[in-house]
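Participant:
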Amino acid sequence: MTVDVEDYFQVSAFESVFTPDDWPEIPLRVEDNTHRLLDIFAEFNVKSTFFTLGWVGKRCPGLIKRIVDEGHELASHGLNHRRATTMDRQAFIDDVQTSKAILEDAGGVAIKGYRAPSFSVNDTNQWIYEVLVELGFTYSSSTYPVVHDLYGVPDWPRFKHERPEGITEIPVPTIVKKGNNVGIGGGGYFRLYPYWLSKKRIERFMQTESAPYSFYFHPWEIDPQQPRINQAPLKSKVRHYINLSKMEGKLKLLLADYRWGTMQDAYELK
């Protein structure tokens, strides 16, 4: 189980409306929403990996401490949700190094895992893995082997693999239908489809593959009362707001139906 800890106004879909310079003036919702998630996880005895923005960690140190104190894994989602494909090497170093330092200071634990915002690792920036190794990371979960208009590396491996740079990459799960990879790892797909269909796809993965299944979502997805951003493109609004009111109920079904753990535990990482 994984959570990408970011607020609703920090998502890539709204980057044409908000910039990081705007963020300090916007009331936070991510802190309360993530505390709600922690309560839900405690109810179902679930441990999760929280891929957290350094920006959030700096402003919500108490939240970071609770994540760690309750036995969850703390990992990095970068500093301010800037996609890795938009940064050169030095900018990426500064971004990830700063995030790592903030989270380690707030959580009091070593940060070993990284997830690129919007799964923005592809053929053009594989040097990112060299940087992650240099900064002390042991694994990444930054690729989604699907065809998508915003991200995706459909020709890359579908399962956990060791990179030549000396780091483990763990892609978001997929199933193969008619020769194409289909995303089943969470996000908008999970909100869009009825729960029975998502469960059917998860069951297919678990019956046909030997790898663990992992799931990702965001705290804002259990927050149907969040402000509506009317200035955003129509496609972005549809993707962001669809079925928000149903997400918490679906999530609880998912937590009850399967046994969940952190990335470190499920994938037996160092």
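Residue numbering for the sequence shown follows my numbering, beginning at 1193 and increasing consecutively.
C-beta: ideal position from N, C-alpha, C; glycine also.
#1: Go through the segment 1237–1310 residue by residue and report every complete run of the beta strand (DSSP E) that reaches 3 residues or more, in order.
#2: Which residues does DSSP list as the beta-bridge partners of GLU1354?
#3: Classify ASN1317 as helix, strand or coil using the three-state DSSP reduction.
#4: When DSSP labels each residue in this structure, what does TYR1408 get in the three-state scheme?
#5: Determine the burial state of PHE1210: buried for a count of at least 16 other Cβ atoms within 10 Å of its Cβ, exposed for fewer.
#6: Quick one: what does DSSP say VAL1203 is sitting in, helix, strand or coil?
#7: So, SER1291 versus LEU1271, is the Cβ gap smaller than 8 Å?
#8: CB-CB under 6 Å to VAL1195, same chain, minus the five flanking residues each way: which ones, in chain order?
#9: In this structure, does DSSP put ASN1422 in helix, strand or coil?
#10: Can you tell me whether HIS1353 is buried or exposed, with buried defined as 16 or more other CB within 10 angstroms of its CB?
#11: Pull up the CB-CB distance for HIS1432 and GLU1198, whole angstroms please, since I reckon it's below 8 Å.
#12: How far does the beta strand (DSSP E) with THR1194 in it reach, from first residue to last?
#13: Given a cut-off of 8 Å on the beta-carbon distance, is the pair VAL1238 and MET1193 in contact?
#14: Let me know the secondary structure DSSP gives ILE1434 once reduced to three states.
#15: Look at the Cβ atom of ARG1156, then the Cβ atom of ILE1367, and state whether they are nearer than 8 Å.
#16: Where do the ends of the alpha helix (DSSP H) carrying VAL1222 lie?
#17: Could you give the DSSP three-state label for VAL1374: helix, strand or coil?
#18: What are the start and end residues of the alpha helix (DSSP H) that includes THR1400?
#19: From PRO1253, THR1244, VAL1323, pick the residue whose C-alpha is nearest to that of ALA1283; which is it?
#20: Would you kindly report the start and end of the unbroken beta strand (DSSP E) that includes ILE1367?
Facilitator: A quick look at the data gives this:
#1: 1241–1244, 1265–1268
#2: The sequence position of residue 1354 within the sequence shown is 162, counting from 1. Answer is THR1360.
#3: In the sequence shown, the residue the question calls residue 1317 occupies position 125. Of the three classes helix, strand and coil, the one that applies to ASN1317 here is coil, per DSSP.
#4: Along the sequence shown, read from residue 1 onward, the residue named residue 1408 stands at position 216. In the structure shown, TYR1408 sits in a strand (DSSP, three-state: E or B).
#5: For the purposes of this step, residue 1210 is taken as the residue at position 18 of the sequence shown. Flag for PHE1210 reads buried.
#6: Here residue 1203 refers to the residue found at position 11 of the sequence shown. Coil at VAL1203, not helix or strand.
#7: Start at 1 with the first residue of the sequence shown, and residue 1291 comes out as number 99. Start at 1 with the first residue of the sequence shown, and residue 1271 comes out as number 79. Yes; because the gap between Cβ atoms is below 8 Å, this pair is in contact.
#8: Here residue 1195 refers to the residue found at position 3 when the sequence shown is read from its first residue. If we look at VAL1195 and ignore the five residues flanking it on each side, its Cβ neighbours are SER1240, PHE1242.
#9: Start at 1 with the first residue of the sequence shown, and residue 1422 comes out as number 230. Coil, per DSSP.
#10: Counting from 1 along the sequence shown, the entry for residue 1353 is found at position 161. So HIS1353 ends up on the exposed side.
#11: Counting from 1 along the sequence shown, the entry for residue 1432 is found at position 240. Counting from 1 along the sequence shown, the entry for residue 1198 is found at position 6. That pair is no contact at about 12 Å.
#12: By one-based count along the sequence shown, residue 1194 stands at place 2. That run of the beta strand (DSSP E) goes 1194–1197.
#13: For this step, residue 1238 is matched to residue 46 along the sequence shown. For this step, residue 1193 is matched to residue 1 along the sequence shown. Yes, these two residues count as a Cβ contact at 8 Å.
#14: Looking up residue 1434 in the sequence shown gives position 242. ILE1434 falls in the coil class under three-state DSSP.
#15: The chain is shown only over 1193 to 1462; residue 1156 falls outside these bounds and no answer can be derived.
#16: In the sequence shown, residue 1222 corresponds to position 30, counting from 1. Run containing VAL1222: 1222–1235, per the alpha helix (DSSP H) assignment.
#17: Here residue 1374 refers to the residue found at position 182 when the sequence shown is read from its first residue. Here VAL1374 sits in strand by DSSP.
#18: Here residue 1400 is taken as the residue at index 208 of the sequence shown, counted from 1. Start and end: 1387–1400.
#19: The residue given as residue 1283 occupies position 91 in the sequence shown. The option with the nearest alpha carbon to ALA1283 is VAL1323.
#20: As a position in the sequence shown, residue 1367 is number 175, starting the count at 1. Where ILE1367 is concerned, the enclosing beta strand (DSSP E) stretches over 1366–1369.
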